[in-house]
Each structure stands twice: as C-alpha cells, then as structure tokens.
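Residue numbers (our numbering), protein chains in the order written: chain X, 26 to 365; chain Z, 26 to 365.
All residues carry an ideal CB built from backbone N, CA and C; glycine is no exception.
Read the structure below first, then the notes.
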DNA sequence: TTGTAAGCGTTATCAG
DNA sequence: CTGATAACGCTTACAA
C-alpha cells in the first residue's frame with residue numbers, strides 16, 4: 026500500500042502538499058496539483074482511514090442502530106438502512122451497523138472509541154432510555170422516531186398522528202361509519218413505542234371528530250393473532266366496514282381471512298394500510314395505503330447529522346415530521362357501493 | 026476523553042503496560058493489573074479505534090455488502106445482516122454496511138483504505154465480477170453464496186441443490202406426480218445468481234429421478250406475476266398437485282390465488298416453500314418449508330473470516346454447504362387424501 | 001515482570 | 001503557494 030509519503034516523494038513535493046490537494050483546504054497551483062494527482066493515480070494511493078481519523082479526530086463513519094429482533098418492521102428497517110447507507114456515502118461517510126441490543130452501552134462504545142462521529146437511532150420509545158446518554162455525551166445524533174420530549178434532539182419521522190387521522194378521514198369520507206384499527210402488537214404499546222401510540226392518537230381523535238365508531242385491536246404478527254383480532258371485530262362490531270391495518274406483517278393474513286369470512290374487499294370492507302408502497306402493490310386488490318417513507322427517513326436523518334457535524338454540535342435540535350401521503354388504490358370504496 | 030497515557034500516569038505504570046493488560050499479549054502481575062484496571066474504570070477510558078487501527082494495522086471491522094434493491098430477499102438479507110452483526114460483535118468486530126452498488130470499487134475502497142479487515146459478500150452470481158478483485162487483492166473474504174469456481178474462496182450457503190431435491194422428494198414421497206416449481210424472477214436466472222440456478226438443478230434432477238412431471242415457472246414479486254404463473258400452470262398442467270415456491274414474496278399471493286381458484290391447500294394442492302421458518306409460520310395453513318438458515322449463514326461467514334484473519338490470510342478456502350432441513354407443516358399431504 | 005522508544009499515516013500549525 | 005514538523009493515541013519490538 027502506497028502512503029502519503031510515497032506519493033509526495035514521487036511527485037517531488039512535501040507530504041503536506043499532497044494532503045492539501047486531497048482536502049482542498051488550501052490553494053495549490055494547478056501545476057503541482059496535476060503532478061500530485063497523477064502520482065496518486067499511478068501509485069494507486071488510498072488514504073489510510075485510521076491515520077486520518079487519528080489525525081483529524083473524525084472517523085467519517087455514522088453508526089446506525091437497528092432493532093435486533095428480526096421480525097420487527099423488517100421491510101421498513103431494511104429500507105431505512107439502505108436509505109441511510111446510500112445517503113451517507115453521498116456525503117463521504119460509511120455506516121456502521123449495530124443492534125439496539127447493545128443499547129446505551131453500544132452508543133457509549135462507538136462514540137468514546139471514536140469509531141463513529143454520530144449516531145442514528147431507531148425504534149424510539151416515548152421515554153427512551155438512551156436519550157439521557159445522548160444528552161450528556163453530546164454526540165451528534167438523529168432519531169428516527171420522536172420521544173415525548175425531543176428538546177435539543179434532531180428527530181425525523183412520519184407524522185403518525187396526521188397519518189392515523191388521514192386514514193380515518195379517508196374512510197369516513199367514503200361513508201364508513203364503523204371502523205376498526207388493527208394496530209401493532211401489544212408489546213409495542215407497552216413499551217410506549219412512539220409511532221404506535223401516535224398513530225392511535227390520530228386515529229382516535231379523527232374518529233371522534235368525524236363521529237364514526239372505532240375499535241382498536243393490537244395485533245401480533247402471527248396468523249392466529251390476525252384471526253383472533255378479526256373475529257372479535259366481526260363479532261362485537263358486525264357493522265364494521267372500514268379497516269385500518271398498521272402491522273404490515275398481518276396484511277396477507279387479513280386479506281385471506283376476510284375472503285374466508287366471505288367479506289369482499291373493497292365491496293364489503295374497505296382497507297387502508299400503513300406500509301411501504303411496494304407492499305401495498307403486491308396484494309390483490311392493491312391496497313389503499315398511507316406511504317411509509319422509509320428511504321426518505323433515512324436520507325433525512327443523514328442530512329440532519331451532516332448539519333450537526335458541520336455546525337460542530339451547535340444547532341438547537343429540530344423535529345421533522347413528514348406529512349402523510351395517502352394513495353387510494355383498490356382496497357377502499359364508498360360504503361354505499363358496498364350496500365347495493 | 027482519557028488516553029492511554031492518562032491511564033498509565035494515573036496507575037503509575039508505563040503506557041505499554043496498560044496496553045498489555047488490555048491485550049493480554051504479555052503477562053502482567055495481578056497487582057499492577059488490578060491497579061490499571063481500576064484506573065481505566067475510574068477515568069472511563071476507551072481505546073481510540075483510529076489509533077489502534079493505525080498502530081496495529083487492524084481495524085477490527087468487517088464490511089458487509091448487501092444488494093441495494095430493497096425488494097430482493099428482504100427478510101433473508103435482514104436476517105443475514107443481523108446474524109453477521111451479532112456474530113461479529115461476539116468476536117470484538119464491528120460491521121460496516123455497504124451496498125453492492127459500489128461493487129468492485131467498494132471493495133477496493135474499504136480494503137485499501139484499511140477501513141475494514143475483511144469483507145462479506147452476498148448475492149453471488151456464478152461468474153461474479155467481484156471475484157477477480159478478491160483474488161488479486163487477497164482480502165480475507167467470505168461469500169454468502171457459491172460461484173462457479175470457488176477455488177481458494179471461503180463460501181457458505183445452504184446446499185440449494187439438495188434443498189431443491191429435498192422439496193421434490195417430499196412431494197413425490199407423498200404421491201404427487203405432477204409438480205410445479207415457482208422460482209425466482211427471470212432476472213435472477215439471467216444474472217446467473219447461484220442459488221437460483223442450483224435450486225432449479227436440484228429440483229430437476231430429483232423430478233427426473235422420481236419420475237414425476239415438472240414445470241418450472243420463474244416468478245417476479247408482484248401479484249400479477251404470481252397470478253400469471255399459476256394460471257399457466259393450472260391451464261397447461263391441470264394435474265399438478267404439488268407446488269414448490271422459492272420467491273417468498275409471492276407466498277401470500279399464491280395462497281390467495283389458490284383459494285380463489287377453488288383449490289384447497291393441502292387437500293387439492295400441496296405446497297412446500299423455501300423460506301425462513303418465521304414466514305412459513307405466518308400463513309394459514311402453516312407451510313411445509315425448507316428452512317432458509319439466514320442467521321446461521323451470517324454466523325458461519327463471520328466464523329470463516331475469523332479463521333482467515335487468525336491464519337493471517339493463509340488457509341486454502343473452503344465451501345460450507347448447510348444441509349437442507351425440511352419441516353412438514355400443514356401445507357402438504359398425500360395425494361391420495363386429496364383425491365378422496 | 002516492567003519500562004523505553006520507535007513507529008503507524010495523516011492533519012494542521014508555523015514558517016517562509 | 002509550499003515545506004517542515006509537531007501532534008494524534010496506540011502497539012510492539014527491544015531493553016532492563
């Protein structure tokens with residue numbers, strides 16, 4: 026491996042000069058610049074990341090923490106991870122993948138060993154235990170999700186309150202008077218995972234505002250859970266004609282159950298799902314859905330960090346809530362059409 | 026941030042001594058060892074990763090390359106990524122997440138900048154363009170997947186030939202005489218992605234051996250593709266009673282289509298899927314499946330790299346094919362029972 | 001068993 | 001516009 030010095034010698038300049046043509050932090054004559062560049066190419070020189078990190082106190086690495094359990098929001102997480110990676114590369118950063126299991130200790134580890142310059146956290150709960158660490162250590166951080174008190178933190182998320190509201194309004198607008206909300210698993214509500222609670226809030230207030238009946242059923246990812254949830258809904262609330270599904274894992278189960286129960290979609294029951302577009306388009310009928318903008322969340326999180334790093338930790342923290350986008354597809358229709 | 030020197034001063038020893046109690050590379054008296062350790066704890070010292078990498082020429086980082094397209098084997102990729110991360114941590118390594126899009130250049134970049142000590146590649150094609158780079162650069166590498174010529178390379182994968190065979194044998198053993206194989210999308214075969222071709226091989230030879238009829242239908246991840254594939258099968262091969270599904274994304278669609286077509290599972294048609302167990306258990310009926318051991322693949326890939334790194338690049342390359350495990354669940358039954 | 005000191009490859013300050 | 005030259009924080013012979 027060629028080193029900076031090798032390049033300098035080859036080009037007949039000082040090492041520092043090579044460094045400067047690379048960083049552009051001070052003007053270099055076009056002449057020498059060209060010479061250096063060609064030496065670099067010739068020797069196939071690549072700056073050593075460790076040395077760079079040591080000398081500059083910057084690793085150019087972002088740490089991304091994802092939930093360990095591989096059954097939680099899988100497609101969304103994957104999309105976020107890829108979005109983050111792609112965006113980070115565009116800024117010259119690499120991404121370190123870590124699991125939430127390491128928790129607070131993990132954050133401390135990567136930060137105090139200077140392995141990463143900043144962190145991105147996911148699966149945020151309202152009173153996330155990692156936040157005190159974030160605050161006290163002053164690490165540049167971006168949360169994908171919003172805690173109860175986001176003061177001074179950079180957060181990005183879908184506006185889940187508005188999203189929940191939007192789902193209800195869409196159904197209410199189509200004339201549905203009884204709506205069921207198939208939420209996430211109970212565990213998420215117990216953990217007070219922010220997005221789950223916020224969606225529920227939005228759904229509830231919108232239902233109240235619109236004067237439509239509402240029942241909320243948490244639902245795990247198994248077929249049985251889906252079956253149980255649906256059965257209770259059909260039994261206790263037989264007039265339900267609108268369904269909002271948040272746990273994307275049960276979408277196929279729900280569709281299948283409804284068919285078995287003899288309820289046609291959308292004729293008998295309309296469905297709106299909260300999920301990535303791609304998933305909404307893989308079913309039949311295609312689902313009217315509230316887009317889960319996972320890639321965008323990743324990109325924005327990275328952008329927030331770049332801002333922070335540029336401002337050298339200053340800046341006051343800001344919460345970016347992406348407005349929900351509902352796309353009507355084949356799974357919703359007016360209640361009237363269903364009754365004929 | 027406390028440095029090694031701070032700790033040394035505080036403990037009243039030489040810097041090297043601190044380093045040695047940390048690395049264990051030379052004996053240290055219990056007495057001083059304790060003193061050092063307590064100083065470390067007291068000062069909350071964490072070794073600087075960059076400095077360490079520079080001095081030791083080891084970054085303690087593994088680079089994991091995953092496909093960019095977020096719709097390709099999502100659950101499997103996610104599970105592999107988490108498996109790799111968890112296993113790597115257990116060995117004191119961190120994981121850098123990179124996309125295949127960077128391709129060969131990406132490998133060169135992380136390796137020649139010494140950002141990572143070794144790489145893990147996924148989505149391997151038979152004549153993968155990245156392999157020459159691997160060979161010439163001599164980077165420790167582990168492939169999740171097997172190319173046509175794996176000489177000198179460390180590869181781990183499910184034994185897809187045996188897996189394909191196993192699926193057919195299971196169905197044939199239950200008396201099915203006409204089998205359809207719903208494969209991956211055409212694009213994968215065109216790219217000669219190893220596992221797709223190998224599965225097909227296994228399925229074909231086993232069908233020939235068992236003397237059962239077989240038709241292979243590549244299938245993309247959309248509902249339409251699934252519908253098209255199934256329609257052709259039912260039309261051209263009406264006596265088909267056994268289905269093998271490899272593209273896990275169409276599993277829900279297939280189940281739904283079969284129901285619509287009035288074919289009961291498993292009474293009229295038996296299904297065996299190649300997918301993670303978790304997915305096989307989320308449907309109704311639960312699917313007889315050939316386990317996709319994604320976590321295990323990640324773990325083994327890391328183990329292979331640890332071996333390589335220990336042997337300092339020596340070692341001759343070895344291909345580890347995990348034997349397929351078929352779990353009978355509710356989606357397969359004897360053909361006879363179906364005919365009554 | 002422990003200390004000393006020479007790097008590792010960059011960056012950045014200070015001169016010129 | 002360019003050259004020297006200290007750091008940066010750690011590892012690892014080499015001595016003692």
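Ignore the nearest five residues each way along the sequence and tell me which others in residue i's own chain have a CB closer than 7 Å to its CB.
| i | result |
| --- | --- |
| residue 57(Z) | 38 and 42 |
| residue 165(X) | 142, 143, 330, 333, 334 and 338 |
| residue 281(X) | none |
| residue 51(X) | 45 |
| residue 118(Z) | 85, 86 and 87 |
| residue 371(Z) | This structure gives no information on residue 371(Z), because the portion of chain Z shown stretches from 26 to 365. |
| residue 361(X) | 200 |
With which residues is residue i paired in a DSSP beta bridge?
| i | result |
| --- | --- |
| residue 218(X) | 150(X) |
| residue 180(Z) | 168(Z) and 344(Z) |
| residue 352(X) | 314(X) |
| residue 242(X) | 207(X) |
| residue 383(Z) | Residue 383(Z) lies beyond the residue range present for chain Z, which begins at 26 and ends at 365; the question has no answer from this structure. |
| residue 144(Z) | 88(Z) and 166(Z) |
For residue i, count neighbouring C-beta atoms within 10 Å of its own C-beta (all shown protein chains included) and say buried if the count is 16 or more, exposed if not.
| i | result |
| --- | --- |
| residue 215(Z) | exposed |
| residue 208(Z) | buried |
| residue 150(X) | buried |
| residue 69(Z) | exposed |
| residue 104(Z) | buried |
| residue 317(X) | buried |
| residue 116(X) | exposed |
| residue 279(Z) | buried |
| residue 163(Z) | exposed |
| residue 257(X) | exposed |
| residue 285(X) | exposed |
| residue 323(Z) | buried |
| residue 174(X) | exposed |
| residue 242(Z) | buried |
| residue 251(X) | buried |
| residue 138(Z) | buried |
Along the alpha helix (DSSP H) that carries residue i, what are the first and last residues, could you check?
| i | result |
| --- | --- |
| residue 110(X) | 99-115 |
| residue 56(Z) | 55-68 |
| residue 88(X) | No alpha helix (DSSP H) contains residue 88(X), which is instead part of the beta strand (DSSP E) from 86-91. |
| residue 275(X) | Note, residue 275(X): premise wrong, no alpha helix (DSSP H); not H, not E. |
| residue 43(Z) | 40-48 |
| residue 322(X) | 319-335 |
| residue 31(X) | 29-36 |
| residue 136(Z) | 128-137 |
| residue 6(X) | A query on residue 6(X) cannot be resolved here, the shown segment of chain X reaching from 26 to 365 and no further. |
| residue 79(Z) | 74-81 |
Going by beta carbon distance, what residues of the same chain come within less than 6 Å of residue i, once the five residues before and after it are set aside?
| i | result |
| --- | --- |
| residue 198(Z) | none |
| residue 272(X) | 209 and 244 |
| residue 71(Z) | none |
| residue 159(Z) | 166 |
| residue 274(Z) | 246 |
| residue 190(X) | 227 and 231 |
Could you give the residue range of the beta strand (DSSP E) that holds residue i?
| i | result |
| --- | --- |
| residue 205(Z) | 203-207 |
| residue 298(Z) | 295-300 |
| residue 268(X) | 267-270 |
| residue 123(X) | 119-124 |
Give me the residue from the options with the minimum Cα distance to residue i.
| i | options | result |
| --- | --- | --- |
| residue 343(Z) | 130(Z), 352(Z), 325(Z) and 359(Z) | 325(Z) |
| residue 289(Z) | 276(Z), 356(Z), 64(Z) and 108(Z) | 356(Z) |
| residue 295(Z) | 269(Z), 302(Z), 85(Z) and 59(Z) | 269(Z) |
| residue 235(X) | 258(X), 225(X) and 201(X) | 201(X) |
| residue 157(X) | 128(X), 124(X) and 140(X) | 128(X) |
| residue 220(X) | 147(X), 193(X), 246(X) and 167(X) | 147(X) |
| residue 110(X) | 286(Z), 238(Z), 114(Z) and 89(Z) | 89(Z) |
| residue 319(Z) | 297(Z), 309(Z) and 350(Z) | 350(Z) |
| residue 35(Z) | 48(Z), 62(Z) and 275(Z) | 62(Z) |
| residue 145(X) | 232(X), 137(X), 124(X) and 358(X) | 124(X) |
| residue 185(Z) | 230(Z), 353(Z) and 161(Z) | 230(Z) |
| residue 301(Z) | 264(Z), 178(Z) and 99(Z) | 99(Z) |
| residue 218(Z) | 135(Z), 92(Z) and 340(Z) | 92(Z) |
Quick one: residues in its chain with C-beta nearer than 8 Å to the C-beta of residue i, no 5 flanking neighbours on either side, listed in chain order?
| i | result |
| --- | --- |
| residue 364(X) | Its pLDDT being 47, under 50, residue 364(X) is placed unreliably by the model, and nothing is read from it. |
| residue 154(X) | 128 and 129 |
| residue 222(Z) | 151 and 214 |
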